[in-house]
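Visitor: One structure follows; several queries about it will come next.
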Ligand code: 5RP
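Numbering (the numbering used here), first residue to last: 148 to 391.
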């Protein structure tokens, strides 16, 4: 069961306005001086970081742990107190975007290529708050290609094993190593990403376990039982969704 509450009711017309409004609502409602927070990656998370800078610039008591080099750069630029998980292994909150979110708060993440650090930071946080525009709400995960972060060594062998896992789940996704400028895209951790066009995923929990169990796979972009709260920017304002 999901509990839905209206947070703001300003009409929001563009996707970017919806992302920004969700990010600002998250700051107003949940961020206070003295907290230790994780900062996600992607356009919505970056709206969050820039708006956070406007409110908390120079506030040393708000400790911010970024999930990517790009997020760290923006956070420093806007005057936030940037730290890391080694100095602060337990966080109060992480604020991050998503590529998809289903009614059980299961997510596909990694469209921006930061899924591994996002998952490490998210699972080190008491609460993970998802900020997104309404296009990310889906009845079932799988329209967005599932990113799987893999070790570059033996990537074709890992892709072959991955294919077997999908077959065991009656799936035949189109799979491709993510590229950038004619070369494989390399994550901040030095790995590659295989994007898998799955179509509807019937059992995301089982699929996550099976994929993450493969040698050569670092982690996949399925986030199960990681978050139970989301702020969603819609045409009619920002709504909060909570797992009941
Ligand atoms: C990055 C992510 C992002 O949260 C996801 O891609 C959403 O991006 P955006 O906020 O730009 O729509 O998982 O790895």
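Beta carbons: idealized from backbone N, C-alpha and C, even for Gly.
Roughly how many angstroms separate the alpha carbons of residue 156 and residue 379, rounded to a whole number?
Guide: Going from the Cα of residue 156 to the Cα of residue 379 covers about 12 Å.
Visitor: For residue 326, which residues of its own chain have a beta-carbon under 7 Å away from its beta-carbon, when the five flanking residues on both sides are left out?
Guide: For residue 326, where only same-chain residues beyond five positions count, the Cβ hits under 7 Å are 332.
Visitor: Counting Cβ pairs closer than 8 Å, one from the region 336 to 349 and one from the region 297 to 315, do we hit at least three?
Guide: The region 336 to 349 vs the region 297 to 315: in contact.
Visitor: Say the cut is 6 Å; is the CB of residue 246 nearer than that to a heavy atom of the ligand SAH?
Guide: By its list of ligands, the structure shown excludes the ligand SAH, since it contains just the ligand 5RP.
Visitor: Hey, how far is the Cα of residue 384 from the Cα of residue 285?
Guide: If I take the Cα positions, the gap works out to 18 Å.
Visitor: Could you check whether the Cβ of residue 248 sits closer than 7 Å to any Cβ belonging to chain C?
Guide: Among the chains in the structure shown there is no chain C, since it carries only a single protein chain.
Visitor: Within 10 angstroms of its Cβ, does residue 391 collect 16 or more other Cβ (buried), or is it exposed?
Guide: Residue 391 is exposed by the Cβ-count criterion.
Visitor: Under three-state DSSP, which class holds residue 394?
Guide: For the chain, the structure presents residues 148 to 391; residue 394 sits outside this window and is missing.
Visitor: Where DSSP assigns a beta bridge to residue 174, which residues make up the other side?
Guide: Residue 174 is not bridged to any residue.
Visitor: Return yes when the C-beta of residue 149 is under 6 Å from any heavy atom of the ligand 5RP, and no when it is not.
Guide: Incorrect: residue 149 has no Cβ contact closer than 6 Å to the ligand 5RP.
Visitor: Between which two residues does the alpha helix (DSSP H) containing residue 344 stretch?
Guide: Not the alpha helix (DSSP H): residue 344 falls in the beta strand (DSSP E), residues 339 to 344.
Visitor: Run through the region 263 to 351 for me and flag every whole beta strand (DSSP E) of 3 or more residues, listed as ranges in chain order.
Guide: 272 to 280, 293 to 297, 321 to 324, 339 to 344, all fully within the region 263 to 351.
Visitor: Less than 6 Å separating the Cβ of residue 191 from some heavy atom of the ligand 5RP?
Guide: Checking the Cβ of residue 191 against the ligand 5RP gives yes.
Visitor: Quick one: any contact between the region 196 to 210 and the region 163 to 175, if contact means 3 or more CB pairs under 8 Å?
Guide: Touching, yes, given that three or more Cβ pairs across the two stretches are closer than 8 Å.
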